[in-house]
Structures are given as C-alpha cells and as structure tokens.
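Colleague: I am attaching a structure below and will ask some questions about it afterwards.
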Amino acid sequence: MTAWRPALRACAAGVLVLGLVACGSDDDPADDDGTSRDGLTSPGAKLDVGASATVPLLDDAGVVELTVSSIDRGVTDPQKLHGTAYYVRLDATVVSGDGYQFFAEQYLTAWAGSERVMPLASPASVGPCTRAYFKLDPPVGTSIQPCLTFVVPEGGAPIDRVAFYADDDYRIDDDTVVQWSL
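Going by the numbering used here, the sequence shown opens with residue 83, and the numbers climb by one from there.
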C-alpha cells in the first residue's frame, strides 16, 4: 500500500517544478506596457490607430517613434488607380541614430481583410497624401508627417490595419509586426 507513495510524490514534485518554471520564466522581454527592456515596442504589439510605437530602423541605423494617426478612405478612381485609395497618415520622430534612413514605404504595409496591400512607391504625392522624408542628419526630436497611399482593387475589403516590419524581430511571416488597427 505504501509502494505507490514515492511515485506519487515524484509525480507531484515534477508537476510543481514544471509549474514554477513556467510561471517564473523570463523569456518574454516585454514589460506590462508593451515595451521591451531596450525601450522598443515589443514585436507583435497590437495598437489602436493614434497610439505610438518606438521601433528600430534596418541595420541598426536608428530608432523612431512612429504613430499611425489616421487611415482614411479616398475616392474610387478606377481609371487612374484601378481601385480605392486609402491614405495612411503618420507621425515619425527621431529617437536616436540616423532618421534619414527612415522611408515609410520601406517599413509599412497594410491589410484589407486577409489581403496584404503595399503602399504606392511613387515619389509623387497622390491625392491629399504628401510624401515627407527626414533631411540628412536630423537631430534627435525632429519630426515629419509622411502619408502613404494604398490602393485596394475594386470590390476588395477596406483597409483595416497597418503594420510596421523590419529585419528579424518584426516579421510579417511570423506575426511579430507592430500593428495598428481601426
């Protein structure tokens, strides 16, 4: 009758150890406010339009604070754009490094339902959207308000979210982008 007690104790001890290890794990470097220990917004963060994220530029070029301030539906002009334009307005501020390396169209994408939509890469302004870039060697604290134009094909779902992606930490294919949703 007492032969099963050591096995039960070993099993209970194993469950306790596993529980403590899982609960005490420090694998997630995010704080409660969604920022990592290095002050960057945690990969995979989901934000509302209007919220700010602190994100790195490619090749450790610098850090910017980025806000998707609005996602506005434009006019449907099938002859020129072959779909419906959406204008994504941003605020970007240099936090550190070389903000000159920040080109919004290189770091942002959008989704219209389940379809990924890339911004127009034209250097010209489209509709009410005006391109904005940092000048060479902008000092920390310098801000710009770029606007990107996305075009959803006729009959497509409206754009409902925008995402920042860069290098290995903020990846589209494993859902670690920083995402702003309407």
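C-beta: ideal position from N, C-alpha, C; glycine also.
Does the segment 181-192 come within contact of the segment 128-135, defined as at least 3 CB pairs closer than 8 Å?
Modeller: Short answer: they don't touch.
Colleague: What do you get for Ala239, buried or exposed, if any count of 16 or more other CB atoms within 10 angstroms of its CB means buried?
Modeller: Answer is exposed; the Cβ neighbour count stays below 16.
Colleague: Within its chain, find whatever has a CB closer than 8 Å to the CB of Ser178; leave out the 5 residues flanking it on each side and keep chain order.
Modeller: Gly144, Val145 and Val222.
Colleague: Excluding the 5 residues preceding and the 5 following Ser134 in the sequence, name in chain order all residues of the same chain whose CB lies nearer than 6 Å to its CB.
Modeller: The residues are Glu147 and Thr149.
Colleague: To the nearest angstrom, how far is the alpha carbon of Tyr252 from that of Val260?
Modeller: Rounded to the nearest angstrom, the two C-alpha atoms are 7 Å apart.
Colleague: May I have a chain-ordered list of the beta strand (DSSP E) segments no shorter than 3 residues that lie completely inside the segment 197-224?
Modeller: With a minimum length of 3 residues, the continuous beta strand (DSSP E) runs that stay inside the segment 197-224 are 197-199.
Colleague: Just to confirm my understanding: we take Val233, look at its own chain, exclude 5 residues before and 5 after, and list those with CB closer than 8 Å. What are they?
Modeller: For Val233, where only same-chain residues beyond five positions count, the Cβ hits under 8 Å are Leu163, His164, Gly165, Thr166, Ala167, Tyr168, Val199 and Leu202.
Colleague: By how many angstroms is the C-alpha of Ile226 removed from the C-alpha of Asp173?
Modeller: About 6 Å.
Colleague: Using the Cα positions of Pro220 and Thr175, report the straight-line distance between them to the nearest angstrom.
Modeller: Spanning the two alpha carbons is a distance of roughly 10 Å.
Colleague: Suppose you measure from the CA of Ala104 to the CA of Asp142; what does that come to, to the nearest Å?
Modeller: Caution applies to Ala104, whose pLDDT of 39 falls short of 50 and renders its modelled position unreliable; the value that the coordinates give is listed next. Each residue's alpha carbon lies about 32 Å from the other.
Colleague: Check whether the Cβ atoms of Gly121 and Thr136 sit closer than 8 Å, and answer yes or no.
Modeller: Going by C-beta atoms, Gly121 is nearer than 8 Å to Thr136.
Colleague: Tell me whether Glu236 sits in a helix, a strand or coil according to DSSP, three-state version.
Modeller: In this structure, Glu236 counts as coil in the three-state DSSP scheme.
Colleague: Span of the beta strand (DSSP E) holding Gln261?
Modeller: Element bounds for Gln261: Val260 to Ser263.
Colleague: What are the boundary residues of the beta strand (DSSP E) that Tyr169 is part of?
Modeller: Where Tyr169 is concerned, the enclosing beta strand (DSSP E) stretches over Gly165 to Gly179.
Colleague: With a threshold of 7 Å on Cβ separation, who are the neighbours of Thr212 within its own chain once the five nearest residues in sequence on each side are excluded?
Modeller: Contacts found: Cys229.
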